[in-house]
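2 protein chains.
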Amino acid sequence: MNVNGMDFKELLKEKGCKLTTQRRAVLDVLNEHSGEHLSTEEIYGYVKEKCPEIGLATVYRTVQLFEEIKIIDKLNFDDGCSRYELSSNEEDHHHHHLICEVCNKVMEVEEDLLEGLEEQIENKYNFKITNHKVKFYGICSKCMES
Amino acid sequence: MNVNGMDFKELLKEKGCKLTTQRRAVLDVLNEHSGEHLSTEEIYGYVKEKCPEIGLATVYRTVQLFEEIKIIDKLNFDDGCSRYELSSNEEDHHHHHLICEVCNKVMEVEEDLLEGLEEQIENKYNFKITNHKVKFYGICSKCMES
DNA sequence: AACTTTGATGATATTGGATATCAATTGACA
DNA sequence: TGTCAATTGATATCCAATATCATCAAAGTT
Ligand SMILES: [Mn+2]
Ligand SMILES: [Mn+2]
Ligand SMILES: [Zn+2]
Ligand SMILES: [Zn+2]
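So the protein sequences, as listed, match chains L and Y.
Just so you know, we're using the working numbering here: the first sequence kicks off at 1 and counts up by one.
Just so you know, we're using the working numbering here: the second sequence kicks off at 147 and counts up by one.
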């Protein structure tokens, strides 16, 4: 079992954490739903199918841990809960999100495209950038037609 | 009383809303604390000084309304509450935030610097961008030294 | 393989930011 | 000044997220 090329159990061990059935199951669910942005309750719903005894509190604790070991990203779409997705394989920089203000669909911009801008900011503000979260709001092509 | 060159009362009227003492007081507080990112509770604390009878619920309703008429922006710094700031005078595009992961200080990047990137994305994804929210995480100059 | 340690879990109570409710109030317009 | 819908303050309520705690189970240790 590995995440982004790294051994899952080893990642946990570095934090003094154990590899449990529940953590494995949550990671499975996240893998099976890549491309989606799942809330804790949604993860709970999916993970219960294969691990019915799991408690909601454990899912909350698990996503918190997964964020700490940087294998998932927490997202905020202002819908009343935090959402999560597996961190992108290569970079530690997150991809961007396009949010349609008409139909609320969320699309992804896989390219980073911020290297140049980040370099400008690092120089001008003397601030070492390690990551970013970028959301673009607007109107998607479907909603533009109609 | 005007905001970003527009008449405050007129802005409210367009939404069928009235200009009240409380709304005036909240706007005053936001103006007196420009550059800060106030939570609703913090706004409530400040506004009570000049308007002691105001209720917390009214502040919640007011920031919600102010966001709808686009005179303030809602910010999320993952600290358990929403924070607000007056929208920038000129553009309807928000400025960016630099967040130091060591001391948690939040700095501002007044320049937009995203026009080129947005044009690229609009063309490639056929998505009409009207706004963005951008956060850069990293280490500030103070924390870099020590 | 049984033992031991210590982190993890499930159930549940609790927190706290935000919203809903509702009677009383007040701003806007005539 | 009177009318009326919007607004307010107080407070109940909601609900995502966290805290608590007895029980359980990884992962070494013998
Ligand atoms: Mn995504
Ligand atoms: Mn700001
Ligand atoms: Zn759309
Ligand atoms: Zn710092």
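Where a beta carbon is used, it is the ideal one built from N, C-alpha and C, also for glycine.
Small disclaimer: the values here were computed from a predicted structure and weren't measured.
**Message:** Just to confirm before moving on: does the CB-CB distance between Lys274 (chain Y) and Ile139 (chain L) stay below 8 Å?
**Reply:** yes
**Prompt:** Is it the case that the CB of Ile285 (chain Y) approaches a heavy atom of ligand 4 more closely than 7 Å?
**Reply:** yes
**Message:** If I measure Cβ to Cβ from Lys9 (chain L) and keep anything under 6 Å in the same chain, skipping five residues before and after, which residues do I get?
**Reply:** Leu19
**Message:** Using a Cβ-Cβ distance cut-off of 8 Å, determine whether Val193 (chain Y) contacts chain L.
**Reply:** no
**Message:** Give me the residue from Y:Val209, Y:Glu261, Y:Tyr206 and Y:Asp174 with the minimum Cα distance to Tyr192 (chain Y).
**Reply:** Y:Asp174
**Request:** Would you verify that the beta carbon of Gln22 (chain L) is, or is not, closer than 8 Å to some beta carbon of chain Y?
**Result:** no
**Asked** In whole angstroms, what separates the C-alpha of Thr208 (chain Y) from that of Cys103 (chain L)?
**Response** 26 Å
**Message:** For a quick check, are the C-beta atoms of Ile71 (chain L) and Asn4 (chain L) less than 8 Å apart?
**Reply:** yes
**Prompt:** Can you tell me where the alpha helix (DSSP H) with Ile121 (chain L) in it begins and where it stops?
**Reply:** Glu115 to Tyr125
**Request:** Enumerate, from N- to C-terminal direction, the unbroken beta strand (DSSP E) stretches of 3 or more residues contained entirely within the stretch 185 to 239 of chain Y.
**Result:** 218 to 222 and 228 to 232
**Beta-carbon neighbours of Ser141 (chain L), restricted to chain Y and to distances below 7 Å** = Asn272 and Phe273
**Buried versus exposed, by CB contacts within 10 Å (16 or more), Ala25 (chain L)** = buried
**Request:** Can you say whether Ser141 (chain L) is buried or exposed, counting buried as having 16 or more other CB atoms within 10 angstroms of its CB?
**Result:** exposed
**Item:** Residue interval of the alpha helix (DSSP H) (run including Cys289 (chain Y))
**Value:** Ser287 to Glu291
**Asked** Within the 8 Å Cβ cut-off, does Val3 (chain L) reach chain Y?
**Response** no
**Request:** Would you give the residue range spanned by the beta strand (DSSP E) that Val109 (chain L) belongs to?
**Result:** Val106 to Val109
**Asked** So what's Asp112 (chain L) in DSSP terms, helix, strand or just coil?
**Response** coil
**Prompt:** When the Cβ atoms of the stretch 219 to 229 of chain Y are set against those of the stretch 174 to 185 of chain Y, are three or more pairs found closer than 8 Å?
**Reply:** yes
**Prompt:** Would you call the CB atoms of Asp258 (chain Y) and His239 (chain Y) closer than 8 Å?
**Reply:** yes
**Asked** Using a beta-carbon distance below 8 Å, is Thr276 (chain Y) in contact with chain L?
**Response** yes
**Request:** Output, in chain order, the set of chain Y residues within a Cβ distance shorter than 8 Å of Asn76 (chain L).
**Result:** Asn222 and Asp224
**Request:** Report the partner residues of Met6 (chain L) according to the DSSP bridge assignment.
**Result:** L:Val3
**Message:** Less than 8 Å between the C-beta atoms of His241 (chain Y) and Lys135 (chain L), yes or no?
**Reply:** no
**Neighbour-count burial assignment, Glu85 (chain L), 16 or more Cβ in a 10 Å radius** = buried
**Request:** Please confirm whether any heavy atom of ligand 2 lies closer than 7 Å to the CB of Glu231 (chain Y).
**Result:** yes
**Asked** Phe66 (chain L) CB to nearest chain Y CB: under 8 Å?
**Response** no
**Request:** Out of L:Lys48, L:Gly35, L:Glu32 and L:Ser34, point me to the one whose CA is closest to Lys21 (chain L)'s CA.
**Result:** Looking at the sequence provided, one finds Thr at residue 21 (chain L) rather than Lys. Closest option to Thr21 (chain L), Cα to Cα, is L:Lys48.
**Prompt:** Does DSSP classify Val102 (chain L) as helix, strand or coil?
**Reply:** coil
**Prompt:** So with Cβ pairs under 8 Å, would you call Ile121 (chain L) a contact of chain Y?
**Reply:** yes
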